[in-house]
Amino acid sequence: MTQKPPVQVALTFDFDAYSTWIGSHNATSPSMLSRGEFGPVGVRRILPLLERFGIKATFFVPGHTALAFPSAVCAIRDGGHEIGHHGWVHENPVLLSPDEERHVLLRGLEALEQVAGVRPTGYRSPAWDNSSATVPLLLEHGFEYESSMMGHDYEPYWCRVGDAWSKTEAFEFGTPVDLVELPVAWHLDDFPHFEFMAGALPGGRAPSSVLETWIAEFDYLHDRVGEGVLVVTMHPQIIGRGSRMLMLEQFIAHVASRPNAGFTSCIDYVSHWRQGRTPSLPPR
Ligand SMILES: [Zn+2]
0 MTQKPPVQVA LTFDFDAYST WIGSHNATSP SMLSRGEFGP VGVRRILPLL ERFGIKATFF
60 VPGHTALAFP SAVCAIRDGG HEIGHHGWVH ENPVLLSPDE ERHVLLRGLE ALEQVAGVRP
120 TGYRSPAWDN SSATVPLLLE HGFEYESSMM GHDYEPYWCR VGDAWSKTEA FEFGTPVDLV
180 ELPVAWHLDD FPHFEFMAGA LPGGRAPSSV LETWIAEFDY LHDRVGEGVL VVTMHPQIIG
240 RGSRMLMLEQ FIAHVASRPN AGFTSCIDYV SHWRQGRTPS LPPR
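For the record, in the sequence shown the residue sitting at position 28 is 27 according to numbering that gives the first Met the number 0, with numbers rising by one throughout.
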């Protein structure tokens, strides 16, 4: 078996479909919902592209999506890709009570089990906004990692419980726990670049400008840092549009052309990173 290249790229796809419009944006019209209906169209374009380059990716799937588009979710599974948890109907955990958060976690697990027979070990918070109950809840349900925070760029780190902060006292670090954070970043997410949201996001950026940013983030990792993982976040309903699919293809080709780089699913990278490490605080 060959050694994995030291630089890895994790392509991640949040298959929100209808759920983000219902759960996060309180959709009131079929028109708004139809943005999500494009999700499975995107999935059917993304899967052959990944196959062409021999890439295993990670798809974070809300339970609501699994029930709405079971064939697409099973096609993701059958392509050998990892399926992670992404809420029930894309709820923001910060807006839920701990009991409600537990309920939606269980409902998401149940739907993924029912539709695809999978039990995820990875979690990504809808809206990338964990509550203080999220990490303990994930530990309780056997998750290996979560991917919603931004404390590093190219290196995973350990999640913590019990951080305390205020405007008057010094920051108190909580206890590092056996849950790995695989960090994300807004500029490595297709949503704010491309999606139009009236009064909030202009959307519609030229794919070439986003490609430039993503390639530069990768090049810094590859040429200067030399070891680590770059996590890119996409949504089938956004990246699946033609101009952006061509951009994704170019990004993949750039990574594939570099000597010390490869592609990884999130869980594969996390399993590799965990070896020989135990929970600890970040360097201070
Ligand atoms: Zn999402």
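Quick reminder that beta carbons are idealized off the backbone N, C-alpha and C, glycines included.
Computed from a prediction, not measured in an experiment: that's the story for all the values here.
Distance from the Cα of E50 is smallest, within the candidate group A74, A65, V93, for A74. In the structure shown, T64 adopts helical secondary structure according to DSSP, grouped into three states. Here V179 carries a strand assignment [DSSP, helix/strand/coil]. Non-local C-beta neighbours of R257 in its own chain, meaning closer than 7 Å and more than five positions away in sequence, comprise H221, ordered along the chain.
E145 carries a strand assignment under DSSP once its states are collapsed to helix, strand and coil.
For the pair P235 and F12, the CB atoms are nearer than the 8 Å cut-off. The C-alpha of V254 is placed about 15 Å away from the C-alpha of M244.
Counting along the chain, R273 sits inside no beta strand (DSSP E); it lies in the alpha helix (DSSP H) bounded by residues 265 to 273. DSSP places V103 inside the alpha helix (DSSP H), whose first and last residues are 97 to 115. Relative to ligand 1, the beta carbon of P125 is positioned inside 7 Å of a heavy atom. The three-state secondary structure of V224, taken from DSSP, is helix.
Segment contact: the segment 76 to 86 against the segment 31 to 38, fewer than three CB-CB distances shorter than 8 Å; contact not assigned. For the pair L210 and L187, the Cα-to-Cα distance works out to about 10 Å.
Rounded to the nearest angstrom, the gap between the Cα atoms of V230 and P119 is 18 Å.
Counting along the chain, the unbroken beta strand (DSSP E) around H84 starts and ends at 81 to 84.
With a threshold of 7 Å, the Cβ atom of T19 counts as near ligand 1, since some heavy atom of the ligand is closer than that.
Following the DSSP letters along the chain, one finds A255 inside the alpha helix (DSSP H) bounded by residues 241 to 255.
Listed in chain order, the alpha helix (DSSP H) elements of length 4 or more contained wholly in the segment 4 to 83 are 29 to 36, 38 to 51, 62 to 67, 69 to 77. Rounded to whole angstroms, the gap between the alpha carbons of V42 and T19 is 16 Å. In the DSSP assignment, W157 falls within the unbroken beta strand (DSSP E) covering 156 to 160.
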